[in-house]
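A.B. asks:
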Amino acid sequence: MPREAMNNFATAFLQYYASLSPPQALPDGIQALHPFTDPIIEKIVRQFYHRYYADQEKRIALLGINPGRFGGGTTGIPFTDPVRLKQVCGIDHHLPMKAELSAQFMYELVERYGGADEFYRHFFVHSLYPFALVRDGKNVNYYDDKSLLDAVYPEIIAHIQALLHLPICRRVVVCIGEGKNFTLFHKLNQTHHWWQTIIPVAHPRFIMQYRHKQKELYLQQYVQILEEAKRSCRHS
Numbered sequence: 008m009p010r011e012a013m014n015n016f017a018t019a020f021l022q023y024y025a026s027l028s029p030p031q032a033l034p035d036g037i038q039a040l041h042p043f044t045d046p047i048i049e050k051i052v053r054q055f056y057h058r059y060y061a062d063q064e065k066r067i068a069l070l071g072i073n074p075g076r077f078g079g080g081t082t083g084i085p086f087t088d089p090v091r092l093k094q095v096c097g098i099d100h101h102l103p104m105k106a107e108l109s110a111q112f113m114y115e116l117v118e119r120y121g122g123a124d125e126f127y128r129h130f131f132v133h134s135l136y137p138f139a140l141v142r143d144g145k146n147v148n149y150y151d152d153k154s155l156l157d158a159v160y161p162e163i164i165a166h167i168q169a170l171l172h173l174p175i176c177r178r179v180v181v182c183i184g185e186g187k188n189f190t191l192f193h194k195l196n197q198t199h200h201w202w203q204t205i206i207p208v209a210h211p212r213f214i215m216q217y218r219h220k221q222k223e224l225y226l227q228q229y230v231q232i233l234e235e236a237k238r239s240c241r242h243s
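Per my numbering, the very first residue in the sequence shown carries number 8; after that it's consecutive.
Have a look at this one:
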């Protein structure tokens with residue numbers, strides 16, 4: 008990613024995102040989805056990033072596992088399903104209005120934070136692995152299978168290094184997923200020294216599926232962590 012592209016966050020990210028090609032050969036019948044190759048999705052993705060990232064401001068990264076098939080695997084925008092894309096982000100489309108649990112939680116957080124404009128002014132949401140992974144029509148996490156992890160490991164490193172060409176705060180990063188995602192991210196960061204601090208948070212899918220009664224507490228925790236991250240990066 009050329010350094011001169013950094014003068015605009017959206018332009019730099021979209022240039023990188025357009026250059027990605029999903030791997031063709033993954034183990035055990037697993038497929039990688041990259042909806043950006045569809046011209047309709049490409050238009051939606053460009054609208055989104057030009058709307059919220061057409062500036063030079065430094066963002067704090069929130070990095071999940073890999074996109075889900077009904078969120079980023081459909082819209083091309085991590086943790087954003089067609090419902091939230093239209094109703095919260097105001098981007099019109101004709102995609103099936105299929106909701107995703109992770110997107111539901113994430114956009115409750117966005118609303119809690121003051122809306123999409125305010126949230127995306129400060130934060131950049133993505134994942135350690137850029138492609139949705141599916142097998143037999145179901146979501147797969149990059150760490151679910153050792154042979155899969157071995158296959159995508161170099162791409163995870165390359166993806167994170169590419170994201171760091173963007174105006175990203177290097178003092179702190181939020182890891183979405185407290186278990187295996189954080190374990191791998193922490194290990195990689197110890198080797199590559201990308202960020203000073205990684206703060207893990209519970210994954211929205213886990214919260215919505217297994218801790219729904221405590222959702223309000225998790226939302227408060229997220230907001231508190233994001234505010235602390237903002238204060239930290241303000242002094243970086």
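Heads up, the beta-carbon is just placed ideally off N, CA and C, and yes, glycines get one too.
Could you round the C-beta distance between Asp88 and Gly78 to whole angstroms and report it? I think they count as a contact, below 8 Å.
C.D. replies: Their Cβ separation, rounded to whole angstroms, is 5 Å, which keeps Asp88 and Gly78 in contact under 8 Å.
A.B. asks: Would you identify the three-state DSSP class for Met8, choosing helix, strand or coil?
C.D. replies: Interpretation of Met8 is limited by its pLDDT of 47, a score under 50 that renders its predicted location unreliable; no figure is taken from the coordinates.
A.B. asks: What's the C-alpha gap between Val52 and Ile84?
C.D. replies: When rounded, the distance between both Cα atoms is 7 Å.
A.B. asks: Within 10 angstroms of the Cβ of Glu115, are there 16 or more other Cβ atoms? Answer buried if so, exposed if not.
C.D. replies: Glu115 is buried by the Cβ-count criterion.
A.B. asks: Can you list, in chain order, the stretches of the beta strand (DSSP E) that have 3 or more residues and sit fully within the segment 41-79?
C.D. replies: With a minimum length of 3 residues, the continuous beta strand (DSSP E) runs that stay inside the segment 41-79 are 67-71.
A.B. asks: Can you look up His129 in the DSSP assignment and give me helix, strand or coil?
C.D. replies: If DSSP states are grouped into helix, strand and coil, His129 belongs with the helices.
A.B. asks: For the putative contact between Lys194 and Tyr150, defined by C-beta atoms under 8 Å, what is the C-beta separation to the nearest angstrom?
C.D. replies: Lys194 to Tyr150, Cβ: 12 Å. No contact.
A.B. asks: Are the beta-carbon atoms of Val141 and Gln31 separated by less than 7 Å?
C.D. replies: No, the Cβ-Cβ distance between Val141 and Gln31 is not below 7 Å.
A.B. asks: Taking the beta strand (DSSP E) that Leu108 falls in, what are its first and last residues?
C.D. replies: No beta strand (DSSP E) contains Leu108, which is instead part of the alpha helix (DSSP H) from Leu108 to Arg119.
A.B. asks: Answer yes or no: do Leu69 and Val132 have a C-beta to C-beta separation smaller than 7 Å?
C.D. replies: Cβ atoms of Leu69 and Val132: closer than 7 Å.
A.B. asks: On the criterion of 16 or more Cβ atoms from any shown chain inside 10 Å, does Glu11 qualify as buried, or is it exposed?
C.D. replies: Unreliable positioning characterises Glu11 in this predicted model, as indicated by a pLDDT of 40, which lies under 50. The coordinate reading is nonetheless provided below. So Glu11 counts as exposed.
A.B. asks: Name the DSSP bridge partner or partners of Cys182?
C.D. replies: Beta-bridge pairing links Cys182 to Leu70 and Pro207.
A.B. asks: Leaving out five residues on either side along the sequence, give the residues of the same chain with a beta carbon under 7 Å from the beta carbon of His200.
C.D. replies: Excluding sequence neighbours, His200 sits near nothing in its chain.
A.B. asks: If you count every other CB in all the chains shown that lies within 10 Å of the CB of Met104, and 16 or more means buried, which is it?
C.D. replies: Result: exposed.
A.B. asks: Where Asp35 and Ile67 are concerned, what is the direct C-alpha to C-alpha distance, given to the nearest angstrom?
C.D. replies: Roughly 35 Å between the two C-alpha positions.
A.B. asks: Go ahead and pull the three-state DSSP assignment for Val5.
C.D. replies: Shown here, the chain extends from 8 to 243; a query on residue 5 therefore has no answer.
A.B. asks: Can you tell me where the alpha helix (DSSP H) holding Lys222 begins and where it ends?
C.D. replies: First-last of the alpha helix (DSSP H) with Lys222: Lys222 to Arg241.
A.B. asks: Please state whether DSSP places Ala25 in a helix, a strand or coil.
C.D. replies: Helix.
A.B. asks: Just to confirm, are Tyr185 and Pro207 a CB contact at a threshold of 7 Å?
C.D. replies: A small correction: the amino acid at residue 185 is Glu; Tyr does not occupy that position in the sequence shown. The answer is yes: Cβ separation under 7 Å.
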